[in-house]
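Report on the following structure.
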Amino acid sequence: MGKSQIIKRGEVICYLGEHFQATFEVISRLGTDSQPIIRTAPGAAEYAGVQFLWDLIKLAQGRSQKYNGVVLDCGENPATVFGALRTGWKNICFTGPPKLQDKVISLMSQHGGQVFDLNKGPVLNLRHSTDPTTDCTSWLKGLQK
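Take the position in the sequence shown, starting the count at 1, then add 1; the result is the number in the working numbering.
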């Protein structure tokens, strides 16, 4: 995806509200210069739905709506992209065919959004984390070295 933003910083893959909340808190506390990409789990938009994920993230953010850059992984489904736009998502990942990628990139830019290539830098996957705050803190400190 040559026209999309290439990620050169870390990514945190969140599966649960607790993962998002821990990631937001750690980033806020550490005050990192380059905030990692915070993203939804692969396939989550399909099984949970874009509105549920939107609400989950807003709830995890609490009063601070500082982190509005969470990336929704839409997978290969262009219909998920349309649902994301209707919901208010501005940052997505779309891995469909190249012809559709160009159309999705154009559509997102018309609506002030961005399409991201993911897995281009270091990735922290919180899927099996029993302590996302500690895991995120250790990982982010390692990136800052």
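Virtual Cβ for every residue (Gly too), placed ideally from N, Cα, C.
Same chain only: Cβ atoms within 6 Å of I39, ignoring 5 sequence neighbours per side: The residue given as residue 39 occupies position 38 in the sequence shown. If we look at I39 and ignore the five residues flanking it on each side, its Cβ neighbours are V13, T24, V71.
Where L60 and E26 are concerned, what is the direct C-alpha to C-alpha distance, given to the nearest angstrom? If you number the sequence shown from 1, residue 60 lands on position 59. If you number the sequence shown from 1, residue 26 lands on position 25. Cα to Cα, the separation comes out at about 13 Å.
Residues near T96 by beta carbon distance below 7 Å, same chain, minus five either side: Locating residue 96 in the sequence shown gives position 95, where the first residue counts as 1. Taken in chain order, the residues that qualify are G76, E77.
Decide if P99 is buried, meaning its Cβ has at least 16 other Cβ atoms within 10 Å, or exposed. In the sequence shown, residue 99 corresponds to position 98, counting from 1. Per the 10 Å Cβ criterion, exposed.
Can you give me the C-alpha to C-alpha distance between A80 and L101, rounded to a whole angstrom? Reading the sequence shown from its first residue, position 79 is the one you call residue 80. Reading the sequence shown from its first residue, position 100 is the one you call residue 101. So the two alpha carbons sit approximately 11 Å from each other.
Report the option in G114, G11, Q36, W55 whose CA atom is closest to the CA atom of I93. Along the sequence shown, one-based indexing puts residue 93 at 92. Put simply, of G114, G11, Q36, W55 the residue whose alpha carbon is nearest the alpha carbon of I93 is G114.
Looking at the structure shown, is D132 part of a helix, part of a strand, or coil, going by DSSP? As a position in the sequence shown, residue 132 is number 131, starting the count at 1. Here D132 sits in coil by DSSP.
Does H20 pass the burial test, meaning 16 or more other C-beta atoms within 10 Å, or should it be called exposed? Numbered from 1 along the sequence shown, position 19 holds the residue referred to as residue 20. Flag for H20 reads buried.
So, helix, strand or coil for L125, using DSSP? In the sequence shown, the residue the question calls residue 125 occupies position 124. Strand.
Best match in V124, Q22, H112 for proximity to L54 [C-alpha to C-alpha]: Start at 1 with the first residue of the sequence shown, and residue 54 comes out as number 53. Comparing Cα positions, the closest option is Q22.
Which of helix, strand or coil DSSP assigns to L119: On the sequence shown, position 118 is the one that residue 119 refers to. Three-state result, L119: coil.
Who are the Cβ neighbours of W90 in its own chain at under 6 Å, not counting the five residues just before and after it? Sequence index remark: in the sequence shown, residue 90 carries index 89 (1-based). Its chain contains L73 as the residues whose beta carbon lies nearer than 6 Å to that of W90, once the 5 sequence neighbours on both sides are disregarded; these appear in chain order.
E26, DSSP secondary structure in three states: Start at 1 with the first residue of the sequence shown, and residue 26 comes out as number 25. The answer is helix: DSSP assigns E26 an H, G or I state.
Supposed close pair L17, L141 - CB separation, criterion 8 Å: Reading the sequence shown from its first residue, position 16 is the one you call residue 17. Reading the sequence shown from its first residue, position 140 is the one you call residue 141. About 18 Å; that fails the 8 Å criterion.
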